[in-house]
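Asker:
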Amino acid sequence: MVIQGIDSDSIVYLNGEYVRADEAKISVFDRGFIFGDGVYEVVPAYNRKPFRLNEHVQRLERSLNAIGLASGKTPQFWAGLMQDMIDRAKTDDSFIYLQVTRGVAKREHVFPVPAVTPTIFCSSGPFIRPTAEQRERGIRVISGPDERWLHCDIKSVSLLGNVLARQAAAERGVDEVIQFRNDFLTEGSLSNMWVVKDGTLLAPIKNHLILEGIRYGLLATLAERAGVPFEARNITRAEVFAADEILVTSATKEVLPVLELDGAPVGNGQPGPIYRKVRAEYDKEISRL
């Protein structure tokens, strides 16, 4: 079976077995397929070493607990599985996708009673880091309303709102969407957003309206190391449009500058000094692996 964009002979993990990607199969009655009833994580690895693995495992456990999914697995199991997939990856730099659903049962909204065995799926793919040229070019974004559900702190596989937002950006020929709810900044469709004003790095308050990205806590630490003031608070739409710099972070984007918002330059339209300081500290963090 040919899977668009997937190396069909790559190895994936599915419910205790390692199989070729084109041979992996789940039931059409899996609740992840029927309801989007599951959670996931994406972990980058550099030179076959996972980046912030413990933090990713902790967030996975929080997401599982938040949706009442008892996986029967320990944090050590998750960490070991992801490291195993990193070791099996075809490239030294890779990203690991891990998904856990509530399993296979009759289609009913209520959780199955008794509980069924969760479906656990894990795959790897090549991770191509942003190049020096991409770091200088930055990304272009549009603004848009945050129309997702109200528990964005759960890393749920129910991503239709994110998908539609990202598609809107693609149709406009840009890289991402900066989303606002009630005139306040939340995040991107697949990333965290940061604002720089008067030399201070600003982040939206951690609550149920944003996913606490692994880089959220990390950037606060890196800003401190770089001597950059950091503040978490509500950030208005007007403040975003008046920002000196805007930064975007995610597992695959790492840290990049946003240089254009709704067709207008951000700041002077060039990567700013705060970005460069934080980026340098981020690279140092990777080099410590």
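Mapping the sequence shown onto this note's numbering, position 185 (from 1) lands on 432, and the numbers just tick up by one.
Every residue, glycine too, gets a C-beta built ideally from N, C-alpha and C.
1. What does a CB cutoff of less than 8 Å around residue 300 pick up in its chain, not counting 5 residues either side in sequence?
2. Going along the chain, which residues of its own chain have a beta-carbon closer than 6 Å to the beta-carbon of residue 268, five neighbours each way excluded?
3. With DSSP collapsed to three states, give me the class of residue 334.
4. On the DSSP bridge list, what partners appear for residue 497?
5. Residue 455 and residue 400: beta carbons closer than 9 Å?
6. State the CB to CB distance for the pair residue 333 and residue 297, rounded to an integer number of angstroms; the pair is presumed to be in contact (CB under 8 Å).
7. Does residue 397 pass the burial test, meaning 16 or more other C-beta atoms within 10 Å, or should it be called exposed?
8. Taking residue 458 as the reference, give the member of 276, 303 and 360 with the closest Cα.
9. With a cut-off of 8 Å on the beta carbons, I'd call residue 506 and residue 475 a contact; round off their distance for me.
10. At a cut of 8 Å, does the stretch 411-419 reach the stretch 471-485 through at least three beta carbon pairs?
11. Would you mind giving the Cβ-Cβ distance between residue 368 and residue 292, rounded to the nearest angstrom? I have them listed as a contact below 8 Å.
12. Can you check which of these residues, 314, 518 and 495, is closest to residue 461 by C-alpha distance?
Answerer: In short:
1. Closer than 8 Å at Cβ, skipping near neighbours: 290, 326, 329 and 330.
2. Answer for residue 268: 253, 255, 257 and 259, listed in chain order.
3. In this structure, residue 334 counts as helix in the three-state DSSP scheme.
4. Within the DSSP secondary-structure output, residue 497 pairs in a beta bridge with 501.
5. Remark: C-beta atoms of residue 455 and residue 400 approach each other more closely than 9 Å.
6. Going by Cβ atoms, the distance from residue 333 to residue 297 rounds to 6 Å, so yes, they are a contact pair.
7. The residue in question, residue 397, is exposed, as its Cβ has fewer than 16 Cβ neighbours within 10 Å.
8. Closest by C-alpha distance to residue 458, out of 276, 303 and 360, is 303.
9. Rounded, the Cβ-Cβ distance is 19 Å, inconsistent with contact.
10. Because the criterion of three Cβ pairs below 8 Å is not met, the stretch 411-419 and the stretch 471-485 do not touch.
11. The C-beta separation of residue 368 from residue 292 comes to about 18 Å, leaving the pair out of contact by the 8 Å criterion.
12. Out of 314, 518 and 495, 495 has the C-alpha closest to the C-alpha of residue 461.
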